[in-house]
Ligand SMILES: *[C@@H]1O[C@H](CO)[C@@H](O)[C@H](O)[C@H]1NC(C)=O
Ligand SMILES: *[C@@H]1O[C@H](CO)[C@@H](O)[C@H](O)[C@H]1NC(C)=O
Ligand SMILES: *[C@@H]1O[C@H](CO)[C@@H](O)[C@H](O)[C@H]1NC(C)=O
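In my numbering, the protein residues as written are 8 to 406.
Here is the structure:
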C-alpha cells in the first residue's frame, strides 16, 4: 500500500497567499513603476512567508508530533508532520508501541529513555494511555533528555473491551485494560507496515534497529521470544508454575480448546516484546481473531484456571499457534521481576539487549533484582507524583 503524502495545511496556506497576491498584480494593467512596487512587496511577502515557514519548521523540530493531543483508537493521519522532519527523510520510521498506566508511568519513561539513548534510528513512540494520564505523561516527556523524542499519545477507549473481558476479582489483569492495547496495533499505528510492541517494565540496552530488522517468515504476522529458548531455560521459571507451554495457559479440558488440536506441550512465547508485520496482521484479521477468542473465553472460560496468570497471553497463543517467527532471545531476557533475588550473572545482564522485569518485583518497587541497572535510565518525575520505592527509604518501617 503506497504511503499517502499529505502536506501541512499551514505551510500550504502561507504559500497560497503569495500566489494569489502575485496573480492579482499581473492582471491589474497598472503603470510599470506601480508594478515594480507591487513586485517588491511580493518579494518581501515571499521572504516573510519563507521565514515563517522556517520558524514553524523549527518549532516542529522542537515539538515533533507531540501535542496533537489524544485521539481515540482511530486511524490518525499525521504523516504531514513526519515528512517535514528533515533529519529523518532518508531513514525508515520505527514505530514503537508502549502502554502508559498512571501507577507505573516511571516504567514507561525509563523504557522510552533507554530506547532513545541507544539508537540513532528514527523511532516514533506510540504511547497508549487514558485521557486522565495524558497531561502527567506529557509534562514528564517534556522534561530533560526526553524533549527530543518523537511521540504520539493515543487514548485507549475501554469500550473496545466490552463483552470481551470478564470482570473477575480473581483475575487481576482484567482490571488493566491497557494490557490489551497490543491486540490493536494496526489501529494504533495505521500508517506503518511494521511495528514493535513493548511492555513498560523493560530496559533496552541494544540498538532497537536490530530488533526491528528481525526477519519475519512469509505469512507470519509477528515474531516473539519463545519460553523454551536458551536464555530462559537456564533459569527454569521458578514460581511461575509451568507457564512455558500451552497447557500452562489454556484449559485443555474444554472441548473448544481440544478441537484446535494444538499440542499441549508446545512451547509458549512471551508477548511482552514483539515485532509485527502489520500488512500480514491486517490480511489475517489478527485483531478480529483475538477478539473472537476473548469473547469465547468470557462465555466458556477457556484459559487455564490453575494459575491466576495472564489473560492477554492465551488468545495470542491460540492465534499464533505455529504461525510466528522468533526474536533473538537476548532481546527479551525476562523473569527479572519474578523474585527479588538475582537469577542471572552480572555479565549476562550486561550482555542482554533487552531486560524484562515481568513478575511482581518491579524495578521501581521496594525489592527487585538489578534495580540499579534499570535506574540508570529512569528520569525523576518533574510533577513529583511518581517516586521510586527504595529499601533504604523505609528501613524505619521494618520491624
Ligand atoms: C479523551 O479526549 C479526547 C480529546 O480531548 C476526547 O475526544 C475523548 O472523548 C476523551 N475520552 C474520554 C473517555 O474522556
Ligand atoms: C509483510 O507481509 C506482507 C504480506 O504477506 C509481505 O508482502 C511483506 O514482504 C512482509 N514484510 C516483511 C518486512 O516481512
Ligand atoms: C477479514 O475481515 C473482513 C471484514 O470483517 C472479511 O471481509 C474478510 O473475509 C476477513 N478475512 C479473513 C482472512 O478472515
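Where is the CB? At the ideal position from N, CA and C, for every residue including glycine.
Discussion item. If you reduce the DSSP assignment to three classes, tell me which class residue 159 lands in.
Written reply: Sequence index remark: in the chain shown, residue 159 carries index 152 (1-based). In the three-state reduction of the DSSP assignment, residue 159 falls in the strand class.
Practice prompt. May I have all residues whose beta carbon comes closer than 5 angstroms to any heavy atom of ligand 2, sorted in chain order?
Written response: Near ligand 2, residues with a Cβ at less than 5 angstroms from any of the ligand's heavy atoms are 223, 284, 286, 287; the list follows chain order.
Discussion item. Short of 8 angstroms in beta carbon distance, which residues of its chain neighbour residue 291, apart from the five on each side in sequence? Order them along the chain.
Written reply: Along the chain shown, one-based indexing puts residue 291 at 284. Here the set comprises 228.
Worksheet item: Along the chain, where does the beta strand (DSSP E) that runs through residue 109 open and close?
Response: Taking the first residue of the chain shown as position 1, residue 109 is located at position 102. Looking at the DSSP string, residue 109 is not in any beta strand (DSSP E), and its letter there is neither H nor E.
Item to complete: In the DSSP assignment, find the beta strand (DSSP E) that holds residue 231 and state where it starts and stops.
Response: Working through the chain shown from its first residue, we reach residue 231 at position 224. Taken as a continuous stretch (DSSP letters only), the beta strand (DSSP E) holding residue 231 covers 229-233.
Worksheet item: Run through DSSP, which three-state label would residue 322 get?
Response: Reading the chain shown from its first residue, position 315 is the one you call residue 322. Helix, per DSSP.
Fill in: Neighbourhood of residue 288 by C-beta, 8 angstroms cutoff - its chain only, sequence neighbours within 5 removed
For the purposes of this step, residue 288 is taken as the residue at position 281 of the chain shown. The residues are 192, 193, 228, 229, 294.
Worksheet item: Touching or not, the region 345-355 and the region 214-229, by the rule of three or more beta carbon pairs under 8 angstroms?
Response: Touching, no.
Worksheet item: Roughly how many angstroms separate the alpha carbons of residue 202 and residue 283, rounded to a whole number?
Response: Here residue 202 is taken as the residue at index 195 of the chain shown, counted from 1. Here residue 283 is taken as the residue at index 276 of the chain shown, counted from 1. Rounded to whole angstroms, residue 202 and residue 283 show a C-alpha spacing of 5 angstroms.
Worksheet item: Where do the ends of the beta strand (DSSP E) carrying residue 143 lie?
Response: Start at 1 with the first residue of the chain shown, and residue 143 comes out as number 136. That residue, residue 143, is in no beta strand (DSSP E); its alpha helix (DSSP H) goes 138-148.
Discussion item. Please tell me whether residue 206 and residue 113 are closer than 7 angstroms, where the distance is taken between their beta carbons.
Written reply: Here the question's residue 206 lines up with position 199 in the chain shown. Here the question's residue 113 lines up with position 106 in the chain shown. In terms of Cβ geometry, residue 206 and residue 113 do not form a close pair [threshold 7 angstroms].
Worksheet item: Between the beta-carbon of residue 211 and the beta-carbon of residue 133, is there less than 7 angstroms?
Response: What you label residue 211 is simply residue 204 of the chain shown in a count that begins at 1. What you label residue 133 is simply residue 126 of the chain shown in a count that begins at 1. The answer is no: Cβ separation not under 7 angstroms.
Fill in: Uninterrupted beta strand (DSSP E) stretches inside the region 273-352 (no shorter than 3 residues)
For the region 273-352, whole beta strand (DSSP E) runs of length 3 or above, ordered along the chain, are 276-284.
Worksheet item: Hey, how far is the Cα of residue 393 from the Cα of residue 209?
Response: On the chain shown, residue 393 is found 386 positions in, with the first residue counted as 1. On the chain shown, residue 209 is found 202 positions in, with the first residue counted as 1. As the crow flies, the alpha-carbon of residue 393 is around 18 angstroms from that of residue 209.
Discussion item. Helix, strand or coil, according to DSSP, for residue 252 in the structure here?
Written reply: Here residue 252 is taken as the residue at index 245 of the chain shown, counted from 1. Strand at residue 252.
Practice prompt. Quick one: residues in its chain with C-beta nearer than 8 angstroms to the C-beta of residue 365, no 5 flanking neighbours on either side, listed in chain order?
Written response: As a position in the chain shown, residue 365 is number 358, starting the count at 1. Excluding residues within five positions, the ones whose Cβ falls inside 8 angstroms are 206, 208, 277, 279, 341, 342, 343, 344, 345.
Item to complete: Taking residue 189 as the reference, give the member of 285, 100, 121 with the closest Cα.
Response: Sequence index remark: in the chain shown, residue 189 carries index 182 (1-based). Comparing Cα-Cα distances from residue 189 to each of 285, 100, 121, the minimum goes to 285.
Discussion item. Would you say residue 163 lies against chain C (beta-carbon separation less than 7 angstroms)?
Written reply: Absence of chain C from the displayed structure is noted, only one protein chain being present.
Practice prompt. Report all residues from its chain with a CB closer than 8 angstroms to the CB of residue 297; omit the five preceding and five following residues, and keep chain order.
Written response: Residue 297 sits at position 290 when you count from the first residue of the chain shown. Closer than 8 angstroms at Cβ, skipping near neighbours: 190, 322, 323, 326.
Practice prompt. Please classify residue 154: is it buried, with 16 or more other beta-carbons within 10 angstroms of its beta-carbon, or exposed?
Written response: If you number the chain shown from 1, residue 154 lands on position 147. By the Cβ-count criterion, residue 154 is exposed, with fewer than 16 other Cβ atoms from all chains shown falling within 10 Å of its own Cβ.
Worksheet item: Given a threshold of 16 other Cβ atoms within 10 Å of its Cβ, counted over all protein chains shown, does residue 310 qualify as buried or as exposed?
Response: To locate residue 310, count along the chain shown from 1; it is residue 303. Under this definition residue 310 is a buried residue.
Worksheet item: Alpha carbon to alpha carbon, how far is residue 301 from residue 152?
Response: Here residue 301 is taken as the residue at index 294 of the chain shown, counted from 1. Here residue 152 is taken as the residue at index 145 of the chain shown, counted from 1. Put simply, the backbone Cα of residue 301 is about 40 angstroms away from that of residue 152.
Worksheet item: Buried or exposed: where does residue 225 fall if 16 or more other Cβ atoms within 10 Å of its Cβ makes it buried?
Response: Locating residue 225 in the chain shown gives position 218, where the first residue counts as 1. Exposed.
Practice prompt. Go ahead and label residue 199 buried or exposed: buried means 16 or more other beta carbons lie within 10 angstroms of its beta carbon, across all protein chains shown.
Written response: Locating residue 199 in the chain shown gives position 192, counting from the first residue. By the Cβ-count criterion, residue 199 is buried, with 16 or more other Cβ atoms from all chains shown falling within 10 Å of its own Cβ.
Worksheet item: Candidates 118, 231, 40, 170: which alpha carbon is nearest residue 369's?
Response: Position 362 of the chain shown holds residue 369. Per the Cα distances, 118.
Item to complete: Pick out whichever of 362, 317, 271 has its Cα sitting closest to the Cα of residue 254.
Response: Here residue 254 refers to the residue found at position 247 when the chain shown is read from its first residue. For the residues 362, 317, 271, the minimum Cα distance to residue 254 belongs to 271.
Practice prompt. Have a look at the DSSP bridge pairing and note the partners of residue 129.
Written response: Translated into positions along the chain shown, residue 129 becomes position 122. Residue 129 pairs with 100.
Worksheet item: Which residues share a DSSP beta bridge with residue 201?
Response: For this step, residue 201 is matched to residue 194 along the chain shown. DSSP lists 284 as partners of residue 201.
Worksheet item: Buried or exposed: where does residue 396 fall if 16 or more other Cβ atoms within 10 Å of its Cβ makes it buried?
Response: If you number the chain shown from 1, residue 396 lands on position 389. If you draw a 10 Å sphere on the C-beta of residue 396, you find fewer than 16 other C-beta atoms in it, and that means exposed.
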